[in-house]
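To keep things clear, I will list the structure first and then write my remarks on it.
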Amino acid sequence: MNVSFPELGLAAKDCHELSWVQTFAEGESIKVLMNRSHEIKGYFKGKSDYVNQPIPESGLEGMWKVFLEGEAGVMIWDPYGGKMSEIAEDETPFPHRAGILYNIQYFNKWEEAGVEAQRKHMEWTNNIYNYMTPFVSKSPRRAFLNYKDIDLGRNDENGNTNFSQAGFWGQSYFKNNFKRLALVKGRVDPSNFFRDEQSIPPLR
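Residues in the sequence shown are numbered from 1 upward in steps of one, following the UniProt record's numbering.
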């Protein structure tokens, strides 16, 4: 650490070697790890974007105005580049590689129930997402799979879908890899047994 980050001024007395269990919570019994009750209740809405051109200063100023309106949520900007850019976009299912400056996640969390609470919190997410349209990737407007944006489209309630229908979100998540993934799905799970609201359909 002193070689890589000398500015920290780290000394041996600052370091404590612990097992994973010991790092959980100081002063707590490890029995709390056996508690499987889920007490966190609330609601969440997230969306995502990829940026491949610098956003002009005027665009950022406008973004802050929209960001601070209403029930403001959170934006997370994850920088890309480096090793990410060295891997071809068709080398793995994840295609967001060379040329991407960063990924943005927009999300809002709330605890109060009801239609009005949902409306005002989702309105913020949609407003900031719509404002960012001119500054983000296009054709398709890319999205990060793990943020699961159902606004991009979804399978039927029973999970059934087809390649054309799934293409609305498949292209955003996987770009040109989507067809290859659907062909693989057609070979390993032709009956579409493993499915969810945005699963890849089997293509044969």
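Note that the Cβ used here is the ideal one computed from N, Cα and C, for glycine as well. Nothing here was measured: the structure is a model prediction, and the numbers come from that model.
Assigned exposure category for residue i - 16 Cβ within 10 Å defines buried
i	result
residue 143	buried
residue 104	buried
residue 30	exposed
residue 121	buried
residue 136	buried
residue 170	buried
residue 22	exposed
residue 56	exposed
DSSP-derived helix/strand/coil call for residue i
i	result
residue 110	strand
residue 5	coil
residue 79	strand
residue 29	coil
residue 200	coil
residue 136	coil
residue 116	helix
Pair within 8 Å by beta-carbon distance, residue i and residue j
i	j	result
residue 151	residue 48	no
residue 93	residue 177	yes
residue 131	residue 46	no
residue 73	residue 108	yes
residue 202	residue 166	no
residue 43	residue 124	no
residue 75	residue 50	no
residue 99	residue 52	yes
residue 141	residue 164	no
residue 183	residue 174	no
residue 102	residue 77	yes
Spatial distance of residue i from residue j (CA atoms)
i	j	result
residue 128	residue 79	19 Å
residue 88	residue 97	7 Å
residue 155	residue 185	15 Å
residue 24	residue 32	10 Å
residue 19	residue 4	24 Å
residue 6	residue 134	42 Å
residue 13	residue 2	13 Å
residue 17	residue 11	13 Å
residue 118	residue 15	45 Å
residue 68	residue 204	48 Å
residue 54	residue 191	44 Å
residue 139	residue 114	35 Å
residue 112	residue 41	9 Å
residue 59	residue 145	26 Å
residue 83	residue 116	44 Å
Beta bridge counterpart(s) of residue i as assigned by DSSP
i	result
residue 150	In DSSP, residue 150 forms no bridge with anything.
residue 46	107
residue 102	51, 79
residue 74	107
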